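In the numbering used here, the protein residues as written are 82 to 709.
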């Protein structure tokens, strides 16, 4: 049996003064120590800690996913001799979930020139067997007297050559008018992945599905990148096109990696994904890999990696959305928590899917936006793998609200998903929607309430109507009902100076339980007689689902304000509109009760066709192009 050394994960040495996400995600140095980028690596002086989000080794995950038992560390220093003047000591550490701090695995080892090997270029190389341990995460620190340049480092394992999986990744990203993100990401892939002299460069291709048709496809495409103009069919349609292109390509790709266009990424996330797929064993050979989303505005905070659907028809994250990955306790906790749970799904900001799974369960549904990734998880029922360092940075979702998406798309698509996959109780979901409707009406957000009902109404029209819809036209039509915010100083005098408590704008985690209780009370100003109402305007958060100030009770006018407190819109009570919405709600509930089973069965029957290559080729107009 032939054994080879296979990289697990690379030690990321930042190349600039301000690395993506901040220094503490890669290397930590106390005051008085130095880690400075050099042309050929990083200059190290003093105490340098590599037990970080990117540079610690997720030992328990490698054992679980790949059966790795022993791990080695490879270090390459520049040609300065490590001698008495430049003394360098290495210390290995380990930590598990219940530990309060990392513990040393053995006594520190002084690295000397006699221990290492000298390469032709003069670099000094060390290959160190890390002490065997049961700690979940391991890492190391270097104590350097004087200064040395670390050129390269990585964790690796010795594995049987025949156990290595053949992996070819097709990276598929769907873009719509996001040139500021997608062009730099294309260049990043070209320069740091495809131009490298390693195995991933020979087994990697990037497909860019241009829903906006604004990219210069000819100029950006080459042997490793293909840019394809596409109709604006939303994220689901773009990813479906990417999957189709990957599956018919003569490279015989094994995996399709779906990635948002508006993300920032370290290429180590791509390499780590490739290495994990290459070494996965047993049931994990066919697993999905989902990358975590770190928040661009707080680049050390992890928002989510894997979530799941609950029976009431809501999403829930497996982990807290406040894991600060520059802190060791969260680095370890993140790897400890099991994401292999029922009804799990991974968001498509970074999701690696085996081609065999696509062949088995089909392409995405034509949902345009919202629930496409959730539905795919419910349908495929995959095992998910996650790992520190496999991630992207994406703008946070706090404060965002578009009723055309958050009301209509969410409601319609979730009902379709329930019908096709039985992932949740339709009755409980409708109770949640009734609550959402009443919350929107309570703050006089009539258009948002109407869009909830539009979503239910279009669901009830059945799969033939759904399949005939032009998603772009639906979005444009519904966008006309999105509330238009303007700078507060542009509002009329009674409204521009409305007072408000900024704690009420969005972040509910800081609201006291008593105020949270107010959100559940059956209060509705429309049920009060005019004599109990006043004209004085009060402020609410524009999303409609925020905690209300007690001052809003009894007023006929509200000023809806954004998260930053800079923009707003004025809402006035409209009893006639309220009654129309409530009457429509009752009628739709009755129709759902009467026809619900019939509609649900129709969607379930239509699912195979709506997720087929035949459907998508027709939907995208590719069948017509073939005929020409």
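Note that beta-carbon positions come from the ideal geometry of N, C-alpha and C, so glycine has one too. Note that the structure is predicted; figures quoted are calculated from it, not measured.
In angstroms with no decimal places, state the Cα-to-Cα distance between residue 273 and residue 680. 50 angstroms
What does the alpha-carbon distance come out to for the pair residue 410 and residue 145? 21 angstroms
Close Cβ partners of residue 134 (< 6 angstroms) along its chain, the five nearest in sequence each way excluded: 106, 406, 412, 469
Between the CA atoms of residue 353 and residue 108 - distance to the nearest angstrom: 18 angstroms
How would you label residue 478, buried or exposed, when you count the other beta carbons within 10 angstroms and need 16 or more for buried? exposed
Candidates 186, 675, 435: which alpha carbon is nearest residue 461's? 435
Which residue marks the beginning of the beta strand (DSSP E) containing residue 338, and which one marks its end? 336-341
Mind checking who residue 252 pairs with in its DSSP beta bridge? 287, 338
Residue 511 by DSSP, collapsed to three states: which one? helix
With DSSP run on the structure shown, which of helix, strand or coil describes residue 685? helix
Whole angstroms is fine: what's the gap from residue 247's alpha carbon to residue 270's? 21 angstroms
Rounded to the nearest angstrom, how far is the Cβ of residue 432 from that of residue 339, given a contact under 8 angstroms? 5 angstroms
Under the assumption that residue 209 contacts residue 171 (Cβ atoms under 8 angstroms), give the Cβ distance between them as a whole number of angstroms. 7 angstroms
Checking 8 angstroms against the spacing of the C-beta atoms, do residue 197 and residue 186 come in under that value? no
Taking the alpha-carbon positions, what's the residue 676 to residue 695 distance? 29 angstroms
Taking the beta carbon of residue 653 as the centre, do at least 16 other beta carbons fall within 10 Å, making it buried, or is it exposed? exposed
Rounded C-alpha distance that separates residue 302 from residue 537: 42 angstroms
Once you ignore the five residues that flank residue 93 on each side, which residues in its own chain have a CB closer than 7 angstroms to its CB? 107, 135, 136, 347, 349
Going by CA-CA distance only, name the one from 632, 379, 574, 452 that's closest to residue 101. 379
State the DSSP-derived secondary structure class of residue 568, mapped to helix, strand or coil. strand
Hey, quick one: how far does the beta strand (DSSP E) through residue 648 stretch, first residue to last? 648-653
Cross-strand partners of residue 91 (DSSP beta bridge): 235
Pick from 193, 482, 238 that is closest to residue 86, judged by C-alpha positions: 238
Between residue 310 and residue 298, how many whole angstroms is the CB-CB distance? I'm expecting something under 8 angstroms. 6 angstroms
In this structure, how does DSSP classify residue 607 when only helix, strand and coil are distinguished? helix
Contact set for residue 502: own chain, Cβ-Cβ below 6 angstroms, skip 5 residues either direction: 459, 460
Look up residue 246 in the DSSP assignment and say whether it is helix, strand or coil. coil
In terms of residues, what are the limits of the beta strand (DSSP E) holding residue 478? Unbroken run through residue 478: none, as it is neither H nor E.
Is residue 135 helix, strand or coil by DSSP? coil
May I have the straight-line CA-CA distance separating residue 218 from residue 467, to the nearest angstrom? 14 angstroms
Below 8 angstroms CB to CB, which residues in the same chain sit around residue 709 once its five sequence neighbours on both sides are set aside? With a pLDDT of only 43 at residue 709, under the threshold of 50, the placement of this residue in the model should not be trusted; the figure read from the coordinates follows. Around residue 709: no qualifying Cβ.
Where do the N-terminal and C-terminal ends of the alpha helix (DSSP H) with residue 417 fall, by residue? 409-417
I'd like to check one pair, residue 555 with residue 447: are the Cβ atoms closer than 8 angstroms? no
I'd like to know if the stretch 281-291 and the stretch 219-226 are in contact, where contact means that at least 3 CB-CB pairs between them fall below 8 angstroms. no
In angstroms, rounded to a whole number, what distance separates the CA positions of residue 358 and residue 417? 20 angstroms
Closest by CA to residue 530, which one among 621, 563, 644? 563
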